[in-house]
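The number in our numbering is simply the position in the sequence shown, starting from 1, with 11 added. Positions of the beta carbon are idealized from the N, C-alpha and C atoms, including for glycine. Quantities reported herein were computed from a predicted structural model and do not represent experimental measurements.
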Amino acid sequence: MGVIKEGKVSGLIPSKEGFAVHYPGYPSSISRAIQTLGGTESILKARSSQSNKLELYFRPEDPYSHPVSGELRSCHSMLLKISRKKKNSSPINEAKEESEEFHADIVARIPEAYYFEGMADYQHVVPVHADIARRKRKNPSEMEEPHFQKKPGLIDMGPEDVMMLSPPLFSLKDVPENIVLRPPSTSSSKKKQDEPPETHSKMTFEPALGIDFKDVQEIPKKINWKEFITEGTPMWEWQIAVSELFEERPIWPKYSLIERLLDKNLKFTYQTLKRLLLTVGYYFSGGPFQKFWIRKGYDPRKDPDSRIYQSVAFRVPPELKSYCDDNAAKGLKHRWEDLCKFRFFPYRNQYSFQLYELDDDYIQQEIQKPPKQTSCTYETGWFSQHVHDSLRLCVKVRFLSIFPETGAEKFLKAASEKFMKSKRACIFKDAPKPVQEEHQQINEDAVDEAIENQIDTDDVEVDELDSDDGEEEFDVYGMDSAGEADNLSLNSYSHMENTSTSYLQQLLGSFPSMDTNGDKKQDGGESSDGEYQIYEQDDDENYLDDDDD
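As structure tokens, this is what we get:
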């Protein structure tokens, strides 16, 4: 730019920018300073990172060295390049007198710089390690052995094998701060006495954890929360709204509760919602009512009418989860009411729905039937295994049928076939069984003839997803359920030569055996090996294949 005169220089400021590091010390060289800052790569990495911190290690050779942090702040500085030039005062004189001139050039503007204004933690360093680190820094290739190895009686060890204990704790702050001490207990207790009591905090709550469905028999009792909340406050209004929902229905899914409260234009934090729910409700950690909020004082395990409020799970097949993940990443959501009416395919991979809320004729018809179980089980609640599987498969079929993209056809077909088999299993399970002795005896000749004719005429391949036997079974059950489901007798089955083999085997296997002690034979001759296989091949419990989602 020009010569510095009287501490001033004039010129143009360049557009090039850079940053500076105000080093907290006097390094022996620029290369050593860069090494303590982690090298050029570490400096550039810290510069490009989101955090405005630059770490400096005074002993980079020591792995236990604790760094000090420099903070990046804005500034208004310039990087100058100062040079000194010698010039002759009078070229004519023989005795040439030399004078010096200082020139300054602005290399770049410095809008930001790192400042190290904190204090460094002190560390105790073993002298052996300090000596090794010092010699490494000077000449790593020509490092002599430490003096202690030449003394007799010491253990033969390497120069870096001496144990080094790192400080147990470093200070959390490197800048001094004023500490606000806690007031004495006497003054705080006096202050609490002067303040008006908060009645809502005196209300006792059970632990906010799910109750074990099997082991815990005693449920939380209903409390009169109106004695602890001031009337007219927002908390009073919110609690009234939540309590009215539990008076309307004793069991609620969480999403349904939230949507109903939002429809009433009630908005509050999650912690407030949980407090409101814990005031009047509880939930089980597992079982048929898992994670559903239940009104305090009401035990669904003792009330068969609670079956309509049981949960049914829907899991998206792994091959279709990409659709859910893509839409969930966009933040898209459906109303809970629309999902319960099967208007849209869910955006989450798994949901637990309440049977009472699902808009499906078959589901509503099944849950309104009188219960046939006398106890509520952990796996299926008040329903039998066949009915529970049918309800779950019905939900799966409904959702897969509205999948908006391609790829769900094979899953829909498989689920539909399993759903039909499950419904037939329910009909077969509910069919009345003959009790009298003459109804328990089977015409073996007619059975053998029917089986032989069926084997000769029907030789079909059974596939996991596409079964011809399943279609035949559906036709038979459709006929029985339409007109003769309530009047099943052995004579009607003995004349059905076109009945499928699997259905006939299951039918015969369901009849009670006459051989109670293992020594008696059926009337009409001895049982052959073939007949034994017919009676023992299948039973009711294995009729329905489980659908593992």
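Asked, Found
"I'd like to know whether the C-beta atoms of residue 256 and residue 263 end up nearer to each other than 8 Å.", "yes"
"Report the residue from 426, 320, 391 whose alpha carbon sits nearest the alpha carbon of residue 410.", "426"
"Where residue 327 and residue 361 are concerned, what is the direct C-alpha to C-alpha distance, given to the nearest angstrom?", "6 Å"
"Quick check: the Cα distance between residue 277 and residue 240, rounded to an integer number of angstroms?", "18 Å"
"Suppose you measure from the CA of residue 387 to the CA of residue 315; what does that come to, to the nearest Å?", "8 Å"
"On a CA-only basis, which of 353, 429, 376, 363 is nearest residue 414? Give me that one, please.", "353"
"Could you tell me how far apart the beta carbons of residue 34 and residue 83 are, in whole angstroms, since I believe they sit closer than 8 Å?", "Residue 34 to residue 83, Cβ: 14 Å. No contact."
"Which residue wins for smallest C-alpha separation from residue 347, given the options 336, 110, 363, 334?", "363"
"Can you name the residues that DSSP bridges to residue 31?", "124"
"Specify, as a first and last residue, the run of the beta strand (DSSP E) that residue 323 falls within.", "322-326"
"So for residue 131, helix, strand or coil by DSSP?", "coil"
"Relative to the C-alpha of residue 389, which candidate in 375, 296, 340 has its C-alpha closest?", "296"
"Got a sec, what are the start and stop residues for the beta strand (DSSP E) residue 306 sits in?", "304-306"
"Which class does residue 312 belong to by DSSP, given the choice of helix, strand or coil?", "helix"
"Does residue 347 come out as helix, strand or coil in the three-state DSSP assignment?", "helix"
"Mapping the DSSP letters down to three states, classify residue 87 as helix, strand or coil.", "strand"
"When the distance is taken between beta carbons, is residue 366 closer than 8 Å to residue 396?", "no"
"Rounded to whole angstroms, how far is the Cβ of residue 15 from the Cβ of residue 115, which I believe are closer than 8 Å?", "5 Å"
"What residues in its chain sit with their C-beta under 6 Å from that of residue 300, if we drop five residues either side in the sequence?", "311"
"Within 10 Å of its beta-carbon, does residue 78 have 16 or more other beta-carbons around it, so buried, or fewer, so exposed?", "buried"
"Determine the extent of the alpha helix (DSSP H) in which residue 56 is found, giving its start and end residues.", "50-59"
"For my contact list, residue 67 and residue 54 are in at a C-beta cut-off of 8 Å; report their separation, rounded to the angstrom.", "About 10 Å; that fails the 8 Å criterion."
"Would you list the residues sitting across from residue 111 in a DSSP beta bridge?", "97"
"Just to confirm the assignment, what range does the alpha helix (DSSP H) spanning residue 257 have?", "245-259"
"For residue 280, tell me which candidate among 246, 59, 325 has the shortest Cα-Cα distance.", "246"
"Just confirm the distance between the C-beta atoms of residue 22 and residue 117, as a whole number of angstroms; I'd bet it's less than 8 Å.", "7 Å"
"Assuming residue 401 contacts residue 437 under a Cβ cut-off of 8 Å, what Cβ separation, rounded to an integer in Å, is found between them?", "6 Å"
"What distance in whole Å lies between the Cβ atoms of residue 305 and residue 261, which are believed to be in contact at a cut-off of 8 Å?", "6 Å"
"Using the C-alpha atoms, what's the distance from residue 63 back to residue 325?", "48 Å"
"Indicate the three-state DSSP secondary structure (helix, strand or coil) for residue 388 in the structure shown.", "strand"
"So if DSSP puts residue 116 in a beta bridge, which residue, or which two residues, is it bridged to?", "92"
"With a CB to CB cut of under 7 Å and the five nearest residues on each side skipped, what residues in its chain are close to residue 85?", "122, 123"
"So, at 7 Å on beta carbons, what are the nonlocal neighbours of residue 412 in its own chain, with the 5 sequence-adjacent residues on each side left out?", "423"
"Give the DSSP bridge partners of residue 20, in chain order.", "BP columns for residue 20 are empty, so no partner."
"Can you name the start and end residues of the alpha helix (DSSP H) that residue 363 belongs to?", "No alpha helix (DSSP H) contains residue 363, which is instead part of the beta strand (DSSP E) from 361-365."
"Just verifying my parser: in three-state terms, what is the DSSP assignment at residue 80?", "strand"
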